[in-house]
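This note's numbering numbers the first residue of the sequence shown as 131 and each following residue consecutively.
Virtual Cβ for every residue (Gly too), placed ideally from N, Cα, C.
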Amino acid sequence: RSFPLFELGQFRGGMIATPKYQRDHPFGLLAHRTIGYVREGIKPVGLEGFYDDVLSGEAGIQPMVRVGEDIWKPVDDLAKIEPKAGKDIKTTIDVDIQDIAEEALFDALTRHDAEYGVAIVMEVNTGAIRAIANLGRTRNNDLWETYNHAVGSATEPGSTFKLATIMALLESGQVKLSDTIDLELGRTKFYEEEMVDAVAHGLEKTTVRTAFEQSSNVGMAKLVQQTFGEENKAEDFVNYLKAFNLNLQTGIEIEGEVSPFIKQPFSKDDDWSGTTLPWMSIGYEVMLTPLQLLNFYNTVANGGTMMKPYLVSEVQQFGVTLERIPPTIIKRRIASRSTIEQARGLLEGVVENGTASKLKSDRYHFAGKTGTAQLNYQRLKNRTKVGGYQATFVGYFPAEAPKYSCIVLISNPRSRGIYGGEVALPVFREIADKIFAIKLDLQTARSGARLVALQQDELPGLTVGNRQELEYLLDEFSVPYQRQTDDPVAVLRTDADTLNVLRRHVPEKRVPNVVGMGLKDALFLLENRGLRVEINGYGKVRQQSIKPGTPAKGQSITLRLG
Numbered sequence: 131r132s133f134p135l136f137e138l139g140q141f142r143g144g145m146i147a148t149p150k151y152q153r154d155h156p157f158g159l160l161a162h163r164t165i166g167y168v169r170e171g172i173k174p175v176g177l178e179g180f181y182d183d184v185l186s187g188e189a190g191i192q193p194m195v196r197v198g199e200d201i202w203k204p205v206d207d208l209a210k211i212e213p214k215a216g217k218d219i220k221t222t223i224d225v226d227i228q229d230i231a232e233e234a235l236f237d238a239l240t241r242h243d244a245e246y247g248v249a250i251v252m253e254v255n256t257g258a259i260r261a262i263a264n265l266g267r268t269r270n271n272d273l274w275e276t277y278n279h280a281v282g283s284a285t286e287p288g289s290t291f292k293l294a295t296i297m298a299l300l301e302s303g304q305v306k307l308s309d310t311i312d313l314e315l316g317r318t319k320f321y322e323e324e325m326v327d328a329v330a331h332g333l334e335k336t337t338v339r340t341a342f343e344q345s346s347n348v349g350m351a352k353l354v355q356q357t358f359g360e361e362n363k364a365e366d367f368v369n370y371l372k373a374f375n376l377n378l379q380t381g382i383e384i385e386g387e388v389s390p391f392i393k394q395p396f397s398k399d400d401d402w403s404g405t406t407l408p409w410m411s412i413g414y415e416v417m418l419t420p421l422q423l424l425n426f427y428n429t430v431a432n433g434g435t436m437m438k439p440y441l442v443s444e445v446q447q448f449g450v451t452l453e454r455i456p457p458t459i460i461k462r463r464i465a466s467r468s469t470i471e472q473a474r475g476l477l478e479g480v481v482e483n484g485t486a487s488k489l490k491s492d493r494y495h496f497a498g499k500t501g502t503a504q505l506n507y508q509r510l511k512n513r514t515k516v517g518g519y520q521a522t523f524v525g526y527f528p529a530e531a532p533k534y535s536c537i538v539l540i541s542n543p544r545s546r547g548i549y550g551g552e553v554a555l556p557v558f559r560e561i562a563d564k565i566f567a568i569k570l571d572l573q574t575a576r577s578g579a580r581l582v583a584l585q586q587d588e589l590p591g592l593t594v595g596n597r598q599e600l601e602y603l604l605d606e607f608s609v610p611y612q613r614q615t616d617d618p619v620a621v622l623r624t625d626a627d628t629l630n631v632l633r634r635h636v637p638e639k640r641v642p643n644v645v646g647m648g649l650k651d652a653l654f655l656l657e658n659r660g661l662r663v664e665i666n667g668y669g670k671v672r673q674q675s676i677k678p679g680t681p682a683k684g685q686s687i688t689l690r691l692g
């Protein structure tokens, strides 16, 4: 009775317990908006909202009898309904890949002072989303997951839509990749409206393949106008887009997915004009969300079979799986096998020879398409007034046997570039590089030459070190090698396409050369020679303060890691 809440007696003091619900995010910002959260009096968002009934459980009923003013007692002999605990859901998100995607996206938005950005990684043959990052500016200009742009923001995709255009042309049977098209040095007119290529290429007559690889607006628009420009054929082009499912939502388990917008030919409601067809061909007067565009590219990577993107793989309760949610096929084939194969070849060509070639990798092959779209533009008679740009890269890797598809979209970059190849592509490469470094199943798919490159750059600390540990890790990564020594310390060297494990001479009573070693091996060798070691940085040893071969007399040595 001396407790402060009750010391005033039965009716003048007490405590009212008010339940409050919240969603804890043990990984902080990672997939924050996609996972969702609970808000007082407002329906939850993200997976929290979509699976609210599953997660919430059911309230119970207990008959009570009043035995005094505001005093109630349970009636044990009347039937009651026990409450049911809510269930759990297991997502498809890979925390490591999510972390990679969000970090790369955050750095890019900061570097380019962009308005918002999206990065999605999807498993090609299942549609399982392994990462979905959305970062935008807050009122304080900080970056946070304020809105799920991946599913809720439909924009004009720009040049990334040219994949759908070239596939429609190939499906029509009237265009071949070896055909010649006049690019007119990147400038032409349609009904007095001028169209130009984004980057000067100096090309006139060239092949359809080259026009696509160089992302020529003029080339794609002229081909579509020639093939579908007659009034009764424009609908054929739109029907091909519908055959690719570009007019439908993906059905992702998050409320708020925006429907795509594809104009209907010569419809007054859709404001169809004589310039609609050529501008549609280069990704304007159509609208898609990043996820819808990625799903289209994922389908091409998957041999033409469209999978439903999904975020939840299991429903569980008390650690027991109650329901497994399998991959779902939306459409068995969106185009002919020939068109799909040619489309994949074109996307590889973009990286090898075209607008993405500056960032192609010598360690693995990836395929995809750059895109730069104008935002808030107004077409005037002789020019276009632009209110900003949207930079995109969408593709998949490895190109030979696609495992992951990925889209990076950065809206309104205001610093250090505007084009997809210079703003979005580096983010894609960073994500792909780091996924390759952590996923062993991707390592085993490489050729011998690329496996040799792997040990040089992607396995830090493996250049020099304990021979047995080096060989163990090389075996784990399925890297072929030839042992040339049985000494305890070894160095890796390449000879043509062969990786050799060679002897690293470690002289007694002298300072060894530990550059290239991991910290553990370096400390072992140096401290065994009585040296006092100071460390700066992290990673493998890049520099040592005492020259190798110097007599070891217990001095201090500083290692710079990196």
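Got a sec? Which residues, its chain only, sit under 6 angstroms from V553 by beta carbon, not counting five neighbours each side?
H242, A521, I540, P543 and G547
If we call anything under 9 angstroms between Cβ atoms a contact, is L505 one with A280?
no
For L632, collect the residues of the same chain with a Cβ closer than 8 angstroms to its Cβ; drop the 5 residues on either side in sequence, then sort them by chain order.
Q614, T615, A620, V621, L622 and R623
Where DSSP assigns a beta bridge to T312, which residues make up the other side?
Note that residue 312 corresponds to Asp in the displayed sequence, not to Thr. Beta-bridge pairing links D312 to K335.
In the DSSP assignment, what are the bridge partners of P681?
R640
Quick check on DSSP: helix, strand or coil for K217?
coil
Suppose you measure from the CA of I250 to the CA of P439; what does that come to, to the nearest Å?
11 angstroms
Taking only three categories from DSSP, how would you classify E453?
strand
Would you report the Cα separation of I262 and F566, rounded to the nearest angstrom?
18 angstroms
When burial is assigned at 16 or more other CB atoms within 10 Å of the CB, is A231 buried or exposed?
buried
Is the beta carbon of T680 sitting closer than 9 angstroms to the one on N666?
no
Please report the straight-line C-alpha distance between E253 and I311, rounded to a whole angstrom.
36 angstroms
Test item: CB-CB of V636 and L655 under 9 angstroms
yes
Let me know the secondary structure DSSP gives N369 once reduced to three states.
helix
In the DSSP output, what is E444 paired with across the bridge?
K220 and R454
For S346, the nearest candidate out of D218, A328 and V416 (CA to CA)
A328
Inter-residue Cα distance where the pair is A529 and E638
49 angstroms
If we count the other Cβ atoms within 10 Å of its Cβ and call it buried at 16 or more, is G484 buried or exposed?
buried
Assumed close pair N600, P556 - CB separation to whole angstroms, cut-off 8 angstroms
Here residue 600 turns out to be Leu, not Asn, going by the sequence shown. That pair is no contact at about 31 angstroms.
Helix, strand or coil for G359? Go by DSSP, reduced to three states.
coil
When A238, R672, D563 and F448 are compared against F496, the one with the closest alpha-carbon
D563
So, under 8 angstroms CB-CB, E314 and E334 are touching, yes? Tell me the CB distance rounded to an integer number of Å.
7 angstroms
Residue environment, D237, which counts as buried when at least 16 other CB atoms sit within 10 Å
exposed
Below 8 angstroms, can you find three or more Cβ-Cβ pairs linking the stretch 342 to 362 to the stretch 400 to 412?
yes
Name the one or two DSSP bridge partners that L265 has.
G247
Which one of L691, R662 and N362 has the shortest CA to CA distance from G669?
L691
Skipping 5 residues on each side, what residues in its chain have a beta carbon closer than 7 angstroms to that of M417?
A284, T285, E286, P390 and F391
Considering Cα atoms alone, identify which of G381, D218 and N643 is closest to H449.
Per the sequence shown, the amino acid found at residue 449 is Gly instead of His. Nearest option by C-alpha distance: D218.
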